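Chains A and B supply the protein sequences, listed in that same order.
Each residue of the first sequence is one higher than the one before, starting from 326 at the first, in the working numbering.
Each residue of the second sequence is one higher than the one before, starting from 20 at the first, in the working numbering.
Just below is one structure, and these are the notes that go with it.
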Amino acid sequence: EDQVTQSPEALRLQEGESSSLNCSYTVSGLRGLFWYRQDPGKGPEFLFTLYSAGEEKEKERLKATLTKKESFLHITAPKPEDSATYLCAPMDSNYQLIWGAGTKLIIKP
Amino acid sequence: EAQVTQNPRYLITVTGKKLTVTCSQNMNHEYMSWYRQDPGLGLRQIYYSMNVEVTDKGDVPEGYKVSRKEKRNFPLILESPSPNQTSLYFCASSSRARTEAFFGQGTRLTVV
């Protein structure tokens, strides 16, 4: 059965303190893995798609990486405006997204 | 501006009173879907549509209906809402290539 687990559930960091969020997945026929950012009360906003193991993508202070079993979202020197819930969603062989429950990231000034 | 528009944003209703949540996209996307989001759970897909007149059940379709008569619109219908359908609902659209999904602002539904 396809499944995805994100950890930790919540992460509190000081401004400038780098860290990583984890997305572990078991998905048959992976078509890609998506990362989204969601602010409270708003719809998810697309960040990255990774298609194959070893691929990396960067956007400002965020870098996403992919292995055959996990994806990491690295955040370097975060700012308070990076506070949000980050969602991971592998896409299966039927092009359906399997959504994780998310990691709530809080950056304190 | 590319966007997915849902209405209403907030809705409080009573058990059994039929309601419709509208969703419209201006990107000419083939694929549209509805999700519900509950605390501690990931987004769960209710229904999806791969094109006009083509719809299919997602993971949690019970109690919901959809239609896709036009490419841009994908309304979600609750014929007889119940309190367990109280949730935050999102509509999303993407192109046939499925490279990324665009989400609406969300509809917070409370059924009392």
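Even glycine gets a Cβ: it sits at the ideal position worked out from N, Cα and C.
Note that this is a predicted model, so its numbers are computed, not measured.
Spatial neighbours of residue i within its chain, please: CB distance less than 7 Å, with the 5 preceding and 5 following residues excluded, ordered by chain position.
i: D407 (chain A); result: R386, I400, L430, I432
i: E98 (chain B); result: K37, K84
i: P80 (chain B); result: I65, Y66
i: S418 (chain A); result: S353, G354, R356
i: H48 (chain B); result: S112, S113, S114
i: Q124 (chain B); result: Q25, R28
Check residue i in the structure and name its three-state DSSP category.
i: P405 (chain A); result: helix
i: Q104 (chain B); result: helix
i: D75 (chain B); result: strand
i: I96 (chain B); result: strand
i: Q56 (chain B); result: strand
i: L346 (chain A); result: strand
i: G48 (chain B); result: According to the sequence provided, residue 48 (chain B) is His. The question's Gly does not apply to it. In the structure shown, H48 (chain B) sits in coil (DSSP, three-state: anything other than H, G, I, E or B).
i: S353 (chain A); result: coil
i: I65 (chain B); result: strand
i: K36 (chain B); result: coil
i: Q328 (chain A); result: strand
i: Y83 (chain B); result: coil
i: I423 (chain A); result: coil
i: Q22 (chain B); result: coil
Contact criterion: CB-CB distance below 8 Å. Does residue i meet it with respect to chain A?
i: R97 (chain B); result: Going by the sequence as given, residue 97 (chain B) is Leu instead of Arg. Not an interface residue.
i: Q167 (chain B); result: This structure does not reach residue 167 (chain B), given that chain B is present from 20 up to 131, and the question cannot be answered.
i: L60 (chain B); result: yes
Which partner residues of residue i appear in the DSSP bridge assignment?
i: L358 (chain A); result: A:L375, A:P415
i: S131 (chain B); result: One point to set straight first is that residue 131 (chain B) is Val, not Ser, in the sequence displayed. Note: V131 (chain B) sits in no beta bridge, so no partner.
i: R337 (chain A); result: A:I431
i: A389 (chain A); result: A:K382, A:L398
i: T126 (chain B); result: B:Y108
Skipping 5 residues on each side, what residues in its chain have a beta carbon closer than 6 Å to that of residue i?
i: A335 (chain A); result: K429
i: M46 (chain B); result: A21
i: N26 (chain B); result: T41
i: F359 (chain A); result: T374, A414
i: Q56 (chain B); result: L62, L107
Between residue i and chain B, is the shortest Cβ-Cβ distance under 8 Å, so that the two count as touching?
i: F397 (chain A); result: no
i: T374 (chain A); result: yes
i: P365 (chain A); result: no
i: G368 (chain A); result: yes
For residue i, collect the residues of the same chain with a Cβ closer than 8 Å to its Cβ; drop the 5 residues on either side in sequence, then sort them by chain order.
i: G357 (chain A); result: T374, L375, Y376, P415, M416
i: F122 (chain B); result: V23, F109, C110, A111
i: P94 (chain B); result: T39, V40, T41, C42, V85, S86
i: E370 (chain A); result: Y361, R362, Q363, D364
i: I423 (chain A); result: D327, Q328, V329, Y350, V352, A414, P415, M416, D417
With hydrogens ignored, establish whether the beta-carbon of residue i is closer than 7 Å to any heavy atom of the ligand GDP.
i: Q25 (chain B); result: As for the ligand GDP, it is missing from this structure, which has no ligand bound.
> For the segment 27-50 of chain B, which residues have a beta carbon sitting closer than 8 Å to at least one beta carbon of chain A?
Replying inline: From the segment 27-50 of chain B, no residue has a Cβ closer than 8 Å to chain A.
Q. Name the residues in the segment 70-82 of chain B whose C-beta lies less than 7 Å from a C-beta of chain A; which are they?
A. Against chain A - using a Cβ distance shorter than 7 Å - the segment 70-82 of chain B contributes no residues.
Which residues of the segment 96-122 of chain B have a Cβ closer than 9 Å to any Cβ of chain A? Give them in chain order. L107, F109, C110, A111, R117, T118, E119, A120, F121, F122: these are the residues of the segment 96-122 of chain B whose beta carbon lies less than 9 Å from some beta carbon of chain A, given in chain order.
**Request:** Could you run through the segment 418-429 of chain A and flag, in chain order, every residue whose CB is less than 9 Å away from some CB of chain B?
**Result:** Among the residues of the segment 418-429 of chain A, those with a Cβ less than 9 Å away from any Cβ of chain B are Y420, Q421, L422, I423, W424, G425, A426, G427, in the order of the chain.
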